[in-house]
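Residue numbers (the UniProt record's numbering): 1 to 202. Contents: one structure, followed by commentary.
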């Protein structure tokens, strides 16, 4: 229900989110306005504000919708290298495909807005981390990774390169190279062999 008590029209919601993605791609985060989003969505600015309190919340929801993070498949081939490369791809999809400059600016706007930061963490930050964490948990259970491996730290290590390159745009994330490099310290053996897959880590 919106603030007037009338049922929300999902068609307007979808049109506004789609328009927000379009405006982000065209003019970037700093120049995005609620007026332009409303115009492109074929609705009014008050209708947009009934659904989102400010442009930061609107952009966040548009990114979540665009990136499809609400339901994330967890790779489970039984090969730790394959699964981790696939899982790093979740980070790459989530952050590498954002319009330039959006991630850093939106994160900066979370300062002083606890509700926005909480939603950012819940909707945009944690879903890809949870996916990678589950892959690592399964690999530990199979004995492919060290029993004493700190899963949270491993997730941070795998995600940090993707975060950094999404923020600064100075190069691709190179998932296979990243996984091979980190597995030299995480793997139970320096030559990982699982089923029909063999990967030299030394």
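All C-beta atoms, glycine included, are put in the ideal place defined by N, C-alpha and C. Small disclaimer: the values here were computed from a predicted structure and weren't measured.
Consult DSSP for residue i and reduce its assignment to one of helix, strand or coil.
| i | result |
| --- | --- |
| residue 145 | strand |
| residue 54 | coil |
| residue 79 | coil |
| residue 32 | coil |
In angstroms with no decimal places, state the Cα-to-Cα distance between residue i and residue j.
| i | j | result |
| --- | --- | --- |
| residue 178 | residue 145 | 16 Å |
| residue 19 | residue 147 | 48 Å |
| residue 107 | residue 42 | 29 Å |
| residue 129 | residue 91 | 8 Å |
| residue 209 | residue 78 | The structure shown has nothing for residue 209, since the chain only spans 1 to 202. |
Going along the chain, which residues of its own chain have a beta-carbon closer than 6 Å to the beta-carbon of residue i, five neighbours each way excluded?
| i | result |
| --- | --- |
| residue 136 | 151, 154 |
| residue 176 | 85 |
| residue 123 | 64 |
| residue 38 | 44, 45, 48 |
| residue 62 | 17, 20, 21 |
Return the residue from the list the options that minimises the CA-CA distance to residue i.
| i | options | result |
| --- | --- | --- |
| residue 64 | 99, 132, 165 | 99 |
| residue 162 | 109, 101, 93 | 93 |
| residue 52 | 132, 40, 8 | 8 |
| residue 50 | 160, 40, 34 | 34 |
Just to confirm before moving on: does the CB-CB distance between residue i and residue j stay below 7 Å?
| i | j | result |
| --- | --- | --- |
| residue 74 | residue 48 | no |
| residue 157 | residue 182 | yes |
| residue 21 | residue 66 | yes |
| residue 105 | residue 167 | no |
| residue 141 | residue 80 | no |
Could you name the residues of the same chain whose beta carbon sits closer than 8 Å to that of residue i, not counting the 5 residues immediately before and after it, in chain order?
| i | result |
| --- | --- |
| residue 101 | 28, 29, 30 |
| residue 89 | 175 |
| residue 113 | 56 |
| residue 32 | 20, 23, 24, 55, 59 |
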